[in-house]
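Visitor: To convert a position in the sequence shown, counted from 1, into our numbering, add 959.
All residues carry an ideal CB built from backbone N, CA and C; glycine is no exception.
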Amino acid sequence: MKYRYLDWKIESSEQNPGDNAIGIITLNHPENANAMGPRMAMEMHQLVDEIRYSTARIVIITGADGNFCGGGDLKVETVPMEDQNDDWKDYGVNGEYGEMLVWFANDYYHIVAQRMCRKLEDLPQVTIAAIDGITVGIGLELAVSCDLRIASDRSRFAEIAVPAGFMSEWSAPRSLPGLIGQTKANEMILTGRFVDAAEAADIDLVNKVVPSDRLLDEARAWAGRMATYPTMGLRYAKDTIRLYQNQNRLPESGELEMERIFEITRTADCAEGVEAFNQKRAPAYNQGVPVDKRARWHD
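1. Three or more beta-carbon pairs under 8 Å between the stretch 1129-1136 and the stretch 1004-1023, yes or no?
2. Within 8 Å, do at least three Cβ pairs link the stretch 989-999 to the stretch 1019-1036?
3. With a Cβ-Cβ cutoff of 7 Å, do G1232 and A1123 count as a contact?
4. Determine the DSSP secondary structure at E970, reduced to helix, strand or coil.
5. Where DSSP assigns a beta bridge to A1157, which residues make up the other side?
6. Within this structure, are the beta carbons of V1168 and D1112 separated by less than 7 Å?
7. Would you list the residues sitting across from K961 in a DSSP beta bridge?
8. Can you tell me whether D966 is buried or exposed? The criterion is at least 16 other CB atoms within 10 Å of its CB, across all chains shown.
9. What are the residues that DSSP puts in a beta bridge with T985?
10. Kindly list the residues whose CB is nearer than 7 Å to the CB of R1194, restricted to its own chain and excluding five residues on each side of it in sequence; keep chain order.
11. In this structure, does DSSP put T1190 in helix, strand or coil?
12. Would you check if there are 3 or more beta carbon pairs closer than 8 Å linking the stretch 1061-1071 to the stretch 1215-1225?
13. Would I1119 pass as a contact of G1098 if the rule is Cβ separation under 7 Å?
14. Quick one: measure Cβ to Cβ for T1094 and F1027, integer angstroms, because I've assumed they're closer than 8 Å.
15. Once the 5 residues before and after N991 are set aside, which same chain residues still bring their CB inside 7 Å of it?
16. Quick one: is M960 buried, meaning 16 or more other Cβ sit within 10 Å of its Cβ, or exposed?
17. Between the C-alpha atoms of Q1238 and Y1244, what's the straight-line distance to the nearest angstrom?
18. Could you have a look at G1183 and say whether DSSP puts it in helix, strand or coil?
19. Run the CB neighbour count on D1008, radius 10 Å, all protein chains shown included, and call it buried at 16 or more, exposed below.
20. Using C-beta distances below 8 Å, list every residue in its chain close to S1134, excluding the 5 sequence neighbours before and after it, in chain order.
21. What does DSSP give as the partner residues of C1028 in its beta bridges?
22. For my contact list, I1019 and I1090 are in at a C-beta cut-off of 8 Å; report their separation, rounded to the angstrom.
23. Would you give the residue range spanned by the beta strand (DSSP E) that R1115 belongs to?
24. Cα separation between C1076 and Q1005?
25. Got a sec? Which residues, its chain only, sit under 7 Å from E1080 by beta carbon, not counting five neighbours each side?
26. Going by beta-carbon coordinates alone, are E973 and G1183 separated by less than 7 Å?
27. Ordered along the chain, which non-local residues of its own chain (more than five positions away) have a Cβ less than 6 Å from that of I1162?
28. Look at the alpha carbon of S1114 and the alpha carbon of P1170, and state the distance between them as a whole number of angstroms.
29. Pull up the distance between the alpha-carbon of T1224 and that of G1096, whole angstroms please.
30. If you reduce the DSSP assignment to three classes, tell me which class T1142 lands in.
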């Protein structure tokens, strides 16, 4: 698969030149704060499969041009097919069923995003999120899916799904409480409040905060040190940690989450949240219209 919005490279650790042990994924859609649309989600889904069989033993995930990930790409969410960018136009869907099929396409996008986070969690390699700038929504969920998180002093975090007209998905409701405690997780998920780097370290959302110009150097140093450890011991240690951590990762929970996402993305409030974001205005929710007027096929 040709990666349009991801850069992937493998490099050697400083400790063992020539070992090709460190992989670096860069989310590369800087004009949109590296927001994740359908194409990027599918690319990440594919790349994680590729990485599983690569020489990399440690994987660093970072973002281009000063941001980690600005959440889901609201320029393509719940918008009529003809008004979307090339991500959906690539499918060539139009005509009588175009309005209906856009919902199926958006459903698939959320399914892929959920699977992507699950595959990232299950990757045998240790993963490090090197976080700079904005990390919100699916960006936060991507970071939480990693084993370790190093943040720059200019990073900011938020779970903005509810204020944006959606609901938190995958790693946020399931994993955040285990990282930062139920009280803080509830606050982040339900209020959408931003957390700066200092607070993120204080509540254990991240492992360490460093100056932004040292972020990748620090991540490489952590990766290089772990790359010298025995591969089996490192992988089994991660796998055992995940085994205990994922006691609440039930198949029916993921299915219920998707059902609720599908229902939410068909509402007028969700459409209003997306429209307000793209028009750079405050949304006006709860106007009494239960189903989005664009989803006529759903009647």
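Guide: Result, derived from the coordinates:
1. no
2. yes
3. Stepping through the sequence shown from its first residue, residue 1232 is reached at position 273. Stepping through the sequence shown from its first residue, residue 1123 is reached at position 164. Contact: yes.
4. As a position in the sequence shown, residue 970 is number 11, starting the count at 1. The answer is strand: DSSP assigns E970 an E or B state.
5. Indexing the sequence shown from 1 puts residue 1157 at position 198. DSSP lists no partner for A1157.
6. Here the question's residue 1168 lines up with position 209 in the sequence shown. Here the question's residue 1112 lines up with position 153 in the sequence shown. Yes, Cβ-Cβ distance for V1168 and D1112 is below 7 Å.
7. Taking the sequence shown and counting its residues from 1, one reaches residue 961 at position 2. Partner(s): none; K961 has no beta bridge.
8. Numbered from its first residue, the sequence shown carries residue 966 at position 7. Per the 10 Å Cβ criterion, exposed.
9. Here residue 985 refers to the residue found at position 26 of the sequence shown. DSSP lists D966 and T1021 as partners of T985.
10. Counting from one through the sequence shown, the residue named residue 1194 turns up at place 235. The residues are P1083.
11. The residue you call residue 1190 lines up with position 231 of the sequence shown. Here T1190 sits in helix by DSSP.
12. yes
13. Residue numbering aside, residue 1119 sits at position 160 when the sequence shown is read from its first letter. Residue numbering aside, residue 1098 sits at position 139 when the sequence shown is read from its first letter. No.
14. Indexing the sequence shown from 1 puts residue 1094 at position 135. Indexing the sequence shown from 1 puts residue 1027 at position 68. That pair is a contact at about 4 Å.
15. The residue you call residue 991 lines up with position 32 of the sequence shown. Here the set comprises G1029 and D1032.
16. Here residue 960 refers to the residue found at position 1 of the sequence shown. That one is exposed.
17. Along the sequence shown, read from residue 1 onward, the residue named residue 1238 stands at position 279. Along the sequence shown, read from residue 1 onward, the residue named residue 1244 stands at position 285. Each residue's alpha carbon lies about 15 Å from the other.
18. The residue given as residue 1183 occupies position 224 in the sequence shown. In this structure, G1183 counts as helix in the three-state DSSP scheme.
19. Position 49 of the sequence shown, counted from the start, is the residue given in the question as residue 1008. So D1008 ends up on the exposed side.
20. Position 175 of the sequence shown, counting from 1, holds the residue named residue 1134. Correct list, in chain order: V1103, S1104 and Q1204.
21. As a first step, residue 1028 is located in the sequence shown; it is residue number 69 there, counting from the start. C1028 is bridged to T1094.
22. By one-based count along the sequence shown, residue 1019 stands at place 60. By one-based count along the sequence shown, residue 1090 stands at place 131. At roughly 11 Å, the Cβ-Cβ gap does not stay under 8 Å, so I1019 and I1090 are not in contact.
23. Taking the sequence shown and counting its residues from 1, one reaches residue 1115 at position 156. R1115 to A1117 is the span of the beta strand (DSSP E), which, as asked, contains R1115.
24. Here the question's residue 1076 lines up with position 117 in the sequence shown. Here the question's residue 1005 lines up with position 46 in the sequence shown. Distance between the alpha carbons of C1076 and Q1005: 12 Å.
25. Here residue 1080 refers to the residue found at position 121 when the sequence shown is read from its first residue. Excluding sequence neighbours, E1080 sits near S1104 and R1201.
26. Along the sequence shown, read from residue 1 onward, the residue named residue 973 stands at position 14. Along the sequence shown, read from residue 1 onward, the residue named residue 1183 stands at position 224. Contact: yes.
27. Numbered from 1 along the sequence shown, position 203 holds the residue referred to as residue 1162. So the qualifying residues of the chain are I1139 and K1143.
28. Here residue 1114 is taken as the residue at index 155 of the sequence shown, counted from 1. Here residue 1170 is taken as the residue at index 211 of the sequence shown, counted from 1. If I take the Cα positions, the gap works out to 10 Å.
29. What you label residue 1224 is simply residue 265 of the sequence shown in a count that begins at 1. What you label residue 1096 is simply residue 137 of the sequence shown in a count that begins at 1. So the alpha carbons of these two residues sit roughly 15 Å apart.
30. On the sequence shown, residue 1142 is found 183 positions in, with the first residue counted as 1. It is helical.
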